[in-house]
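The sequence shown begins at 1 in UniProt numbering and counts up one residue at a time. Worksheet: the structure to be examined is printed underneath.
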Amino acid sequence: MSFQESILDLKTSNGAVNKEQCLLLLPAPPSPAVRQLKEVYGPALSHIFSSTAAELKGSSNIYKLDVALVIPQLLSAQYQPRSKAFVSLQKLLANFYTLVGAISAANDVELDAPGGIDVRVFFVDNAENEQTKDWKRIQGPVIDFRTLATSQRPWEQIYVPDTTEGELLAGTLFTHGASIPSNKLPTGTTTISESIINADEEHSTSHAAIIVGGTFDHLHLGHKLLLTATALALDGTRDDKILAVGITGDEMLVNKKFAEYLESWEERMQGTAAFLRAIVDFNPPEISSVDLKRTEQPGPNGKQVSFQVMPDLTVRLVQISDPFGPTITEEQFTALIVSAETRSGGQAVNTERNKKGWPSLEVFEVGVLQAGEAQEVADTAASSFESKISSTDIRQRRMKSATSNL
């Protein structure tokens, strides 16, 4: 179900109502460290997860929780092109998703599965610079308040911390036209904020065509981090942008563990597309294109699906049959996103491009979610957290569930 489809109310036993899609609006944290994120955001996330768990148990619904992290001045010139903020933002995002995984494990809540919660994190700049007459809507995952307020997403509730800052954030959203009920959540201790985002001059190139690759089977928090980081490396101010995702073809996955519970390429593509829409496309329904354009041509990388986010951004989802995909068949790409586990793949790609006389891709590395940090900030075993971020473990759970129902 896309975020533009209708939603259902979920009634609680005490008469309260949990909705199928809500927005959690959070002020900037004092530090990007997992422990500090837990102190500030943990009570609110725990409240949502624990109160939602009972409602969803045995249900086929998935509770969609959009999380807007407010980072002041993120759209300012000092962080342009956006690649300058990549290192800081991906670290903050990785630590936030680590906290999400830890709290979901502690509350025994499924993620991204029926009866579970689908968390999608993006960033909002709350600087008051959007009142100019030449304002235009911004593409995620870094947007302004006006873009957020006028997106017309079907949120039934807005959650904010029960603090003065939380009230101000809700008020700013309403000032820009949002008319959605708000609900205050418990908050943790706050301290004086350190610098959350630092401009990195080593990553200061503007990129209009970027690419990432993976299997994206049973989309989980690690995939979400990788895909969001890819969108973060794209320069939002450029025209004719391309965000490409190489998704491994089914024939390359036959030797995977529990292969019979792998999602098909079509299912993996649909899941990837839905997530990217959730963090990138903040257009209201009347101007948001939900059409998927499919093309299939002979040769490598011939099968792909694409969609537009406004006229100047094309998202391409390409079926790949080798480790390189379009990186060595299309010269136009200038940046590649890898994880710490696939660092060598970036080196191999550039070796092949150099053989063709093409320029090397700038390689952006995304950190890996750490089970040890999750264990430190939540009452959960490392294995419980790891099962949330492993496609193999997810497939194994699907197998056990299927066999237990026989």
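Note that beta-carbon positions come from the ideal geometry of N, C-alpha and C, so glycine has one too.
> So who's on the other strand from N183, going by DSSP bridges?
Replying inline: N183 pairs with Y159.
**Study point:** Extent of the continuous alpha helix (DSSP H) run through S51
**Key:** Note, S51: alpha helix (DSSP H), 34-56.
Backbone secondary structure at A208 - three-state DSSP:
In this structure, A208 counts as coil in the three-state DSSP scheme.
> For D108, which of R398, T52, D134, S390 has the nearest alpha-carbon?
Replying inline: Ranking R398, T52, D134, S390 by Cα distance to D108 puts T52 first.
CA-CA distance, G222 and I103?
Roughly 15 angstroms between the two C-alpha positions.
(message) As a quick exercise: from L234, G246, K256, D322, pick the residue whose alpha carbon is nearest that of V280.
(response) Here the closest residue by C-alpha is L234.
With distances taken from CA atoms, which of T187, L89, T98 is nearest P43?
When each option's Cα is compared against that of P43, the closest is T187.
Review point. Quick check: the segment 275-292 against the segment 171-178, are there 3 or more CB pairs under 8 angstroms?
Key: Too few Cβ pairs lie closer than 8 angstroms, so no.
- Task: State the beta-bridge partners of A335 as determined by DSSP.
- Result: Beta-bridge pairing links A335 to I210, E362.
*Distance, N350 Cα to V121 Cα*: Looking at the two C-alpha atoms, the distance is approximately 31 angstroms.
* Does the Cβ of D66 have 16 or more other Cβ atoms within 10 Å, making it buried, or fewer, making it exposed? -> So D66 ends up on the buried side.
Thinking F333 and T327 are a contact (beta carbons under 8 angstroms), I'd like their distance in whole angstroms, please. The Cβ separation is near 6 angstroms, so the contact holds.
* To do: Report the residue from V254, A170, P323, V34 whose alpha carbon sits nearest the alpha carbon of A68.
  => Minimum Cα-Cα distance from A68 among the listed residues V254, A170, P323, V34 corresponds to A170.
For V315, which residues of its own chain have a beta-carbon under 6 angstroms away from its beta-carbon, when the five flanking residues on both sides are left out?
-> Excluding sequence neighbours, V315 sits near L243, L276, F307.
With DSSP run on the structure shown, which of helix, strand or coil describes S391?
Correct three-state label for S391: helix.
Item to complete: Ignore the nearest five residues each way along the sequence and tell me which others in F282's own chain have a CB closer than 6 angstroms to its CB.
Response: Excluding positions up to five away in sequence, the list reads G140, I143, T147, S151.
(request) Pull up the distance between the alpha-carbon of T237 and that of I138, whole angstroms please. (result) Looking at the two C-alpha atoms, the distance is approximately 9 angstroms.
On the premise that H203 lies in contact with residue 458, defined as a C-beta separation below 8 angstroms, what is that separation, rounded to the nearest angstrom? Nothing about residue 458 can be reported from this structure: the residues present for the chain run from 1 to 406 only.
Please state whether DSSP places E296 in a helix, a strand or coil. Looking at E296 - three-state DSSP - the assignment turns out to be strand.
Exercise. Smallest Cα separation from V245: which of W155, P298, A229?
Worked result: V245 has its Cα closest to that of A229, out of W155, P298, A229.
Practice problem: Pull up the DSSP beta-bridge partners for K64, would you. | Solution: Looking at the DSSP output, K64 bridges to Q21, D118.
Note to self: Only counting the same chain, and skipping five residues up and downstream in sequence, which positions put a Cβ closer than 8 angstroms to that of F96?
What the structure shows: Around F96: L37, Y41, V67, L69, V121.
Backbone CA spacing between T403 and L111 [nearest angstrom]:
A direct Cα-to-Cα measurement between T403 and L111 gives close to 21 angstroms.
Q) Rounded to a whole number of angstroms, what is the C-alpha to C-alpha distance between A259 and T248? A) Distance between the alpha carbons of A259 and T248: 14 angstroms.
- Query: Looking only at its own chain, which residues have a Cβ that is under 7 angstroms from the Cβ of D217, when we skip the five neighbours before and after it?
  - Reply: So the qualifying residues of the chain are L262, E263, R268, S391.
Q. So what does S306 bridge to, in DSSP terms?
A. Per DSSP, K293, R316.
| Q370: which of V34, L24, V87, T163 sits nearest, CA to CA? | Looking at the Cα atoms, V34 is the closest of the given residues.
Whole-angstrom C-beta distance between A28 and I196, which should lie under 8 angstroms: About 6 angstroms separates the CB atoms of I196 and A28; that is less than 8 angstroms, so the two are in contact.
* To do: Look at the alpha carbon of G346 and the alpha carbon of D200, and state the distance between them as a whole number of angstroms.
  => Rounded to the nearest angstrom, the two C-alpha atoms are 20 angstroms apart.
DSSP three-state label for P141, please.
Per DSSP, reduced to three states, the secondary structure at P141 is coil, with no helix or strand assignment.
Through-space distance from I158 to P30, alpha-carbon basis: Those two C-alpha atoms are separated by around 22 angstroms.
Taking only the alpha-carbon atoms, compute the straight-line gap between F364 and W358 and give it to the nearest angstrom. So the alpha carbons of these two residues sit roughly 18 angstroms apart.
- [ ] Determine the contact status of K136 and D162, defining contact as a CB-CB distance below 8 angstroms.
- [x] Annotated as distal: K136 and D162, with beta-carbon spacing of 8 angstroms or more.
Distance, P300 Cα to V366 Cα:
When only Cα atoms are considered, V366 and P300 end up about 27 angstroms apart.
Going by the CB atoms, is the gap between V318 and Q304 shorter than 8 angstroms? Less than 8 angstroms divides the Cβ of Q304 from the Cβ of V318.
- Message: For residue 425, count the other beta carbons within 10 Å of its own beta carbon; 16 or more makes it buried, fewer makes it exposed. Which is it?
- Response: Missing from the structure shown is residue 425; the chain here goes from 1 to 406 and no further.
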